[in-house]
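To start, the structure under review is shown below, and the notes come after it.
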Amino acid sequence: MGQSCLPPGCAQAPPGPACSPLPFTQAGQQCYDLLVIGGGSGGLACAKEAAQLGKKVAVVDYVSPSPRGTRWGLGGTCVNVGCIPKKLMHQAALLGGVIRDAPHYGWEVAQPALHSWRKMAEAVQNHVKSLNWGHRVQLQDRKVKYFNFKASFVNKHTVCGVLKGGKEILLSAEHIVIATGGRPRYPAHIEGAVEYGITSDDIFWLKESPGKTLVVGASYVALECAGFLTGLGLDATIMIRSIPLRAFDQQMASLVIEHMAVHGTRILKGCMPLRVEKLPDGQLQVTWVDLASDRKDMGTFDTVLWATGRVPEIGSLNLEKADVHTNPHTQKILVDAQDATSVPHIYAIGDVAEGRPELTPTAVMAGRLLAQRLCGRSSDLMDYDNVPTTVFTPLEYGCVGLSEEAAVARHGEEGVEVSQGPRRGGRDSGPGDPHTRRWLSPCRGPLGKWGYWCPSFLCLQLGQVGRGVQDHDYDGLGCWRDPRNERAFGVWPTASGTSPLTWRRFCPLASSCSLTSAPLHLPLARVWPPTPVPHFPVPPPCVWSSPASNSQIWPPTPKEGACQQTTVSRVCFGPRRQQLAGGLGETGPHVATRAAWCLREQVPSSGDYPMPLRPGPSINGTVFAIFV
Numbered sequence: 001m002g003q004s005c006l007p008p009g010c011a012q013a014p015p016g017p018a019c020s021p022l023p024f025t026q027a028g029q030q031c032y033d034l035l036v037i038g039g040g041s042g043g044l045a046c047a048k049e050a051a052q053l054g055k056k057v058a059v060v061d062y063v064s065p066s067p068r069g070t071r072w073g074l075g076g077t078c079v080n081v082g083c084i085p086k087k088l089m090h091q092a093a094l095l096g097g098v099i100r101d102a103p104h105y106g107w108e109v110a111q112p113a114l115h116s117w118r119k120m121a122e123a124v125q126n127h128v129k130s131l132n133w134g135h136r137v138q139l140q141d142r143k144v145k146y147f148n149f150k151a152s153f154v155n156k157h158t159v160c161g162v163l164k165g166g167k168e169i170l171l172s173a174e175h176i177v178i179a180t181g182g183r184p185r186y187p188a189h190i191e192g193a194v195e196y197g198i199t200s201d202d203i204f205w206l207k208e209s210p211g212k213t214l215v216v217g218a219s220y221v222a223l224e225c226a227g228f229l230t231g232l233g234l235d236a237t238i239m240i241r242s243i244p245l246r247a248f249d250q251q252m253a254s255l256v257i258e259h260m261a262v263h264g265t266r267i268l269k270g271c272m273p274l275r276v277e278k279l280p281d282g283q284l285q286v287t288w289v290d291l292a293s294d295r296k297d298m299g300t301f302d303t304v305l306w307a308t309g310r311v312p313e314i315g316s317l318n319l320e321k322a323d324v325h326t327n328p329h330t331q332k333i334l335v336d337a338q339d340a341t342s343v344p345h346i347y348a349i350g351d352v353a354e355g356r357p358e359l360t361p362t363a364v365m366a367g368r369l370l371a372q373r374l375c376g377r378s379s380d381l382m383d384y385d386n387v388p389t390t391v392f393t394p395l396e397y398g399c400v401g402l403s404e405e406a407a408v409a410r411h412g413e414e415g416v417e418v419s420q421g422p423r424r425g426g427r428d429s430g431p432g433d434p435h436t437r438r439w440l441s442p443c444r445g446p447l448g449k450w451g452y453w454c455p456s457f458l459c460l461q462l463g464q465v466g467r468g469v470q471d472h473d474y475d476g477l478g479c480w481r482d483p484r485n486e487r488a489f490g491v492w493p494t495a496s497g498t499s500p501l502t503w504r505r506f507c508p509l510a511s512s513c514s515l516t517s518a519p520l521h522l523p524l525a526r527v528w529p530p531t532p533v534p535h536f537p538v539p540p541p542c543v544w545s546s547p548a549s550n551s552q553i554w555p556p557t558p559k560e561g562a563c564q565q566t567t568v569s570r571v572c573f574g575p576r577r578q579q580l581a582g583g584l585g586e587t588g589p590h591v592a593t594r595a596a597w598c599l600r601e602q603v604p605s606s607g608d609y610p611m612p613l614r615p616g617p618s619i620n621g622t623v624f625a626i627f628v
């Protein structure tokens, strides 16, 4: 280890590579190369990556208890009160549907099947705690120092805090990353909302069943919670003031709501709660108003869950001391393309940063890329365009790219073609629930030099099938490497969420190619939508110049006389077995899928060809094109 960067009298930090001399250090403070504030998905990814690249790193994390008193460990929202417990309870609800349908397939199952919230909650919470411990171990293995206190800026390079024993501590760093995430918003203007309501911070940590529940909100959090509560056999009502899933395709959102209503969730549209009161028997009486008729109504519930948005967790950071600027309306930290704030050496990633998707994979990838840039290992920036996402409602809704409304707003109605329709197949085409249908709503934009196709899917366990626009290590699959798409990721939490990418070289244009181990047949006849679309002229069998062993080249260089009309950025075709991420039980459920990807095809500058549709993901035999 090199010479310490600390001046005389400065406390020695844990072992690790020496950080740069910092002129602002004072006696008693510890010095690091990188200080990460926030122990969530993005912050931990950044800290671990920087430590692996040889930097001296510290992580400061603190979870303020919710108004209900709920607290949790290291890992952030996703691990503790978001993706992981949500997906597990969603899976529990889906299993209830399987049990109800089982007699139609010959299984003799006692009906009605009973569900124990206590057993499920214990299993989910124990699983989450194991993940908390795993993060602690990983930090220790990478020599990352972990502090559990509420950080507050003293100046642009230093934060302070108070340890459990009451001892004050100062930490300084050459670079600081803010990754504190967000917390649910309480509607404090509603009487009784804070005193008697809970949020997603609490629902997953309840020891006993929430019973009859009112979920207030129109976000995906509201719909997901109401959906799995209904699936677990509870009486769930969702109160929506305006537009459900506002940021998503509204036709698909309406189908999600319709499916939930058919399956037992009570929907109160155009209503707003006025107050919550606690009755002598412990139940909660909620008074609300119908905004259309101005008529008041009331009902009694065991639990009221607020899902009315989230706010960034910056209250205790004292950002003004570091001159870090925020958006006055959202309170989120303003950042540039480099994730830098108004102070060049202070960065913000994840939910706390303005204009970033509130999704775990984006925060993880942004954290890793930021660490690589800070360590001089890469100059790559996070690409936030066309991020795939899935809403885990009972009928799962997955999408990527623009919604129909956003596409029309950008290109006008004349520049957008929309096709949609129901499809039945696989598990939702057999006996049992007659209301389950798969819906597809592709939105195809202008067909010029670059085309795009923005699909929306609705089907059971869509998160495991609609894996996002990405190239993962499919078994027996071929693809060309395009560095622009190299850092793709999938839907979380599924097996595709953070899987590493594996590239194999195959020629997508012909079956006889020096780099193709087997003929590659693309089922163009089954492209959706089925309307005829002109394609490029089929080139003669092409022979690409063979690259060196294990090398990756882009663009591929054709030999003399080979086809040069088209440059294909990516094509994949092959089967894949996935494991449900975070599943309970011995192995967790598996699902087999078959996917074919062909994304973005560049038109020669000398030609005037329209963009062809190529096969995209295959879901139970139906193949779809995707252009983004």
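All residue numbers in the sequence shown are consecutive under the UniProt record's numbering, ending with 628.
Cβ atoms here follow ideal geometry from the backbone N, Cα and C, with glycine treated the same way.
Asked: Beta-carbon spacing of L274, L245 below 8 Å; Found: no
Asked: Limits of the unbroken beta strand (DSSP E) element including T213; Found: 213-216
Asked: First through last residue of the beta strand (DSSP E) which encompasses P273; Found: 271-278
Asked: Extent of the continuous alpha helix (DSSP H) run through S172; Found: No alpha helix (DSSP H) contains S172, which is instead part of the beta strand (DSSP E) from 168-178.
Asked: DSSP state of S200 mapped onto helix, strand, coil; Found: helix
Asked: Residue burial classification, R356 (beta-carbon count within 10 angstroms, cutoff 16); Found: buried
Asked: Presumed contact (8 Å Cβ cut-off) between S403 and D249, rounded CB distance; Found: 4 Å
Asked: For G282 and V387, the rounded distance between their alpha carbons; Found: 44 Å
Asked: Pair within 8 Å by beta-carbon distance, L334 and H325; Found: yes
Asked: Beta-carbon proximity list for M272, same chain, < 7 Å, skipping 5 on both sides; Found: R241, W288, V289, L291
Asked: Coil, strand or helix - Q338 by DSSP; Found: coil
Asked: Option nearest E277 by Cα separation, candidates Y196, M239, L163, A113; Found: Y196
Asked: Exposure of E49, with buried meaning 16 or more beta-carbon neighbours within 10 Å; Found: buried
Asked: Assigned exposure category for G182 - 16 Cβ within 10 Å defines buried; Found: buried
Asked: 8 Å contact criterion, which T199 and G227 should meet: CB distance rounded; Found: With 8 Å as the limit, T199 and G227 do not qualify as a contact, their Cβ atoms being about 17 Å apart.
Asked: First through last residue of the alpha helix (DSSP H) which encompasses M89; Found: 83-101
Asked: Rounded C-alpha distance that separates N148 from P85; Found: 23 Å
Asked: The alpha helix (DSSP H) enclosing F228, as first and last residue numbers; Found: 220-231
Asked: Three-state secondary structure assigned by DSSP to Q283; Found: coil
Asked: Alpha-carbon to alpha-carbon, L279 and A193; Found: 14 Å
Asked: Cα-Cα separation, W107 to A371; Found: 53 Å
Asked: For T341, the nearest candidate out of W117, G54, I178, Q52 (CA to CA); Found: I178
Asked: Range of the contiguous beta strand (DSSP E) that encloses G412; Found: Run containing G412: none; DSSP gives neither H nor E here.
Asked: Per DSSP, cross-strand counterpart(s) of C160; Found: S152, L170
Asked: Reduced DSSP category for W107 - H, G, I as helix; E, B as strand; rest coil; Found: coil
Asked: For C375, the three-state DSSP class (helix, strand or coil); Found: coil
Asked: Beta-carbon proximity check, V57 vs V144, cutoff 8 Å; Found: yes
Asked: Among R118, K321, P184, nearest to E208 - alpha-carbon criterion; Found: R118
Asked: Same chain only: Cβ atoms within 8 Å of N132, ignoring 5 sequence neighbours per side; Found: W72, G73, L74, G75, V79, N80
Asked: Distance, A218 Cα to I243 Cα; Found: 7 Å
Asked: C-beta atoms of C83 and R368 nearer than 8 Å; Found: no
Asked: First through last residue of the beta strand (DSSP E) which encompasses L255; Found: L255 -> not in any beta strand (DSSP E); alpha helix (DSSP H) instead, spanning 250-262.
Asked: S130 to G97 span [Cα, whole Å]; Found: 28 Å
Asked: First through last residue of the beta strand (DSSP E) which encompasses R142; Found: It is not in any beta strand (DSSP E) - R142 carries neither H nor E in the DSSP assignment.
Asked: Opposing strand residues paired with R183 [DSSP bridges]; Found: V311
Asked: Residues bridged to W306 [DSSP beta-bridge criterion]; Found: V216
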